[in-house]
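This report concerns only the one structure given below.
Residue numbers (the UniProt record's numbering): 1 to 593.
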C-alpha cells in the first residue's frame, strides 16, 4: 500500500511539472497532429517515471533491473523521446536540387534499416528510418536517368504511383532479403517534387506510346541536340570547359591553338564543317590524353601537336581490323584495282562500325548484262544478305532506268549486280551511284576508271544524294592508295551535298593540296558518268554520247528477243506494241463459249 501511495504522489508531482511545459509548447503550434503527439508524449512521460530516475548512484545490476521494469534497455531508455530528422533542408535558401546517380528502390524511396541484436533477432525502430532522394528533393527538383530507373526492380511502378498520388511511403523492399516486411509502417508523407528525367529519345517515344501513366506524369518534353553551331560563342564555351576540366583533374593548360584543334575534333565528331559535338565527354577524353603526352615530354602547356598525337594513338589502338583489311588488299586476297579502266567494274566504298572506331574500306562492284527478260538481279538480295534500305535503293535504280531509257521502247534486259568478296550483311543506299555506273558501263560496253572510288545515293531523276560516313570512306580509300602508291590521279567521287561534311585527316588534306589525291563532288548522274568514262553523257538523241550507247544496246537486246520470240527461260515473250500470236487451244469450247 505504501509503495502504491508513493507512486501516486510521484505521478501527481510529475504532472504538475510536465503539464505546464507541454501546454506551453502546444500553444505555440496550431498543428492538430502535433498537439495529439504532445498529448501522447505527456501521458507516456507520466507513466514511465522510472526512466527519469538517476541510476548513476545505483549498482549496475540494480540500475538494469529498475530500468528494465518497463522493458527498456538502459543504453536506450530515452529512445522513445528522440526525434529522427530524416531530412533537414532548413539551411537552404532555394528549393533543393538532388541528382540521383543510382536510382534504385532504396536510394529513391528510402528504407527502414534492420540490425541483428546479441540474441540473433532482427530488430528495428523509428530511428532507423532513412530518407531517399525523393524526400530529400521534396519541395524542389529531382534529376535522374530514366533508363537507370527503368531497369531497377520495383522502381518504375512505385515511382509512378508516388508521383501520381503526391504521397511517399517509406517501406522495406529488398529482392535479395528474406525479411522484406517490417513491423514499422511510417505514415505517408505529402510529396511535392519536380522530377527531371533524361534519356534517349527512343525510350521517351516507347513509354509515351505504351504507358498511359507516363503521358500523365511527364507533360513537359525538351529535346537536346547532340551538336551545335561552330561559331565564336561555341569556341568560348569549349575553351571554358577545357579550362574547367584542366583545373578539376590537374591537366596541363591548353594554349589557344590546342583549343582550336579540339574544336576541330568536335567538328569531326559532328561530321560537319560548321557544327561541333555537344557531347563533351569525347572531347574530354582526347584532352586528357593530349595532356598526358605533353607532360611526358616535360611540357608545361598542351600544344596542338599533342592533340593530334592523342588522336593518332587512339586510332592506333583500335584500327587492327582496318589494318588487316588493308593487308588483305595489299597481298591480293581482296581484289581491288587501283589503276587503268574496266567494263562493268567499279570501286565502291563501305563503312565498318566497330563501336569505338569507324573506318572506311573499298569494295569491288561488278555487273554483267545479257539478252533476256529477267530484269536486274540483285545478287545480295537473292542471297538474303541485304537489308531493306539496300533493296529499296535497287528498286529506285530500276525506276531511274525506266525514266532514262523506257520512254519510247520497253526496258528489256537480263543483268546482275554484285558486291564481290562480301560475306556479311549489307544495307544502306550509299552504293546506288556505284551500282548504276557499273550497270550502265556493262550495257554501253564503256570502261570505267579504276583509280577512282565512288559513294553516293541516287533518286529516280538522276540526282545524287548525300550519304553518311563520307570522311571515313575517303580516308579508307586514301589509305589503300597510299599503301599501293599514290599516282596523282586517284581520288574519291562524293555527292556535292556532302562537301559540308568534310573534316578530313591532316595527311589526307595535305595530299589533296599537293595534287597527289583528289576529291570530286557531283550532283547528277551525268557528272559522275563523264568523270568515270571521259566521254559526254549527253542523252539518247546525241550520237556517240554515253546514254546513246546504252540506248543502242537496249534496242539491240529488244530486237534479238523479237527475232527469237522466246525468253532465255523458254517462256513466251510479248513486247508491247507488237502483234501477239498465241497457239490455238486444242480443247473443245465449253458450253456457251
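Cβ coordinates follow ideal geometry from the N, Cα and C atoms, glycine included.
| task | Could you give the DSSP three-state label for residue 145: helix, strand or coil? | result | strand
| field | Which residues DSSP lists as bridging residue 161, in chain order | value | Residue 161 pairs with nothing; no bridge assigned.
| request: Excluding the 5 residues preceding and the 5 following residue 498 in the sequence, name in chain order all residues of the same chain whose CB lies nearer than 6 Å to its CB. | output: 466 and 470
| request: Keeping to the same chain, check which residues put their C-beta closer than 6 Å to that of residue 572; ignore five residues upstream and five downstream. | output: In this prediction, residue 572 scores a pLDDT of 42, lower than 50, which makes its location untrustworthy; no coordinate-derived value is stated.
| query | Taking the C-alpha atoms as reference points, what is the distance between residue 542 and residue 563? | reply | 27 Å
| request: Take the Cβ of residue 37 as the centre, count every other Cβ of all protein chains shown within 10 Å, and call the residue buried at 16 or more, exposed below. | output: exposed
| said: Once the 5 residues before and after residue 457 are set aside, which same chain residues still bring their CB inside 8 Å of it? | reply: 393, 429, 430, 432, 433, 464, 465, 466, 467 and 495
| request: Return yes when the Cβ of residue 191 is within less than 8 Å of the Cβ of residue 167, no when it is not. | output: yes
| task | Give the range of the beta strand (DSSP E) segment to which residue 479 is assigned. | result | From DSSP, residue 479 is part of no beta strand (DSSP E) but of the alpha helix (DSSP H) over 470-484.
| query | Which term fits residue 16, buried or exposed, when burial requires 16 or more other beta carbons within 10 angstroms of its beta carbon? | reply | exposed
| Close Cβ partners of residue 71 (< 7 Å) along its chain, the five nearest in sequence each way excluded | Note that residue 71 has pLDDT 46, beneath the 50 cutoff, so the model's placement of it is unreliable and no number is given.
| field | Cβ-based burial, residue 103 [other Cβ within 10 Å; buried from 16] | value | buried
| said: Once the 5 residues before and after residue 99 are set aside, which same chain residues still bring their CB inside 6 Å of it? | reply: 143
| query | Quick one, are the C-beta atoms of residue 415 and residue 480 less than 8 Å apart? | reply | no
| field | Coarse secondary structure for residue 495, derived from DSSP in three states | value | strand
| Which residues mark the beginning and the end of the beta strand (DSSP E) in which residue 285 is found? | Element bounds for residue 285: not the beta strand (DSSP E) but the alpha helix (DSSP H), 280-296.
| Same chain, Cβ closer than 7 Å to residue 34, neighbours up to 5 away in sequence not counted | none
| said: Between the alpha carbons of residue 169 and residue 125, how many angstroms are there, rounded? | reply: 16 Å
| request: Please go through the same chain and pick out, in chain order, the residues whose beta-carbon is closer than 7 Å to the beta-carbon of residue 208, but skip the five residues on each side of it. | output: 214 and 215
| field | For residue 385, three-class secondary structure by DSSP | value | coil
| Are the region 408-426 and the region 361-375 in contact at 8 Å, needing three or more beta carbon pairs? | yes
| message | residue 159 and residue 112 - do their beta-carbons sit closer together than 8 Å? | response | no
| request: Tell me whether residue 533 sits in a helix, a strand or coil according to DSSP, three-state version. | output: helix
| Since residue 628 and residue 349 are thought to touch, with beta carbons under 8 Å apart, how far apart are those beta carbons, to the nearest angstrom? | The question about residue 628 has no answer, for the chain in this structure spans 1 to 593.
| query | Taking Cβ to Cβ, would you say residue 371 is nearer than 8 Å to residue 560? | reply | yes
| message | Please state the DSSP three-state secondary structure of residue 203. | response | helix
| field | Assigned exposure category for residue 254 - 16 Cβ within 10 Å defines buried | value | buried
| request: Would you please verify whether the beta carbon of residue 400 is less than 8 Å from any beta carbon of chain D? | output: Any reference to chain D falls outside this structure, which holds one protein chain only.
| query | By a C-beta neighbour count over all protein chains shown, 10 Å radius and 16 as the cutoff for buried, is residue 537 buried or exposed? | reply | buried
| task | Say whether the region 301-309 touches the region 244-262, bearing in mind that this needs 3 or more beta-carbon pairs closer than 8 Å, one atom from each stretch. | result | yes
| query | Relative to the alpha-carbon of residue 400, which residue among 319, 525 and 461 has its alpha-carbon at the smallest distance? | reply | 461
| query | So residue 41 is in the alpha helix (DSSP H); what residue range does that whole segment cover? | reply | 32-47
| task | Ignore the nearest five residues each way along the sequence and tell me which others in residue 92's own chain have a CB closer than 7 Å to its CB. | result | none
| said: Let's test the definition: count the other Cβ atoms within 10 Å of the Cβ of residue 472 and tell me whether it reaches 16, buried, or not, exposed. | reply: buried
| field | For residue 130, the nearest candidate out of 94, 162, 88 and 151 (CA to CA) | value | 88
| query | Just checking my contact of residue 82 with residue 127 at CB under 8 Å: how many whole Å lie between their CB atoms? | reply | 6 Å
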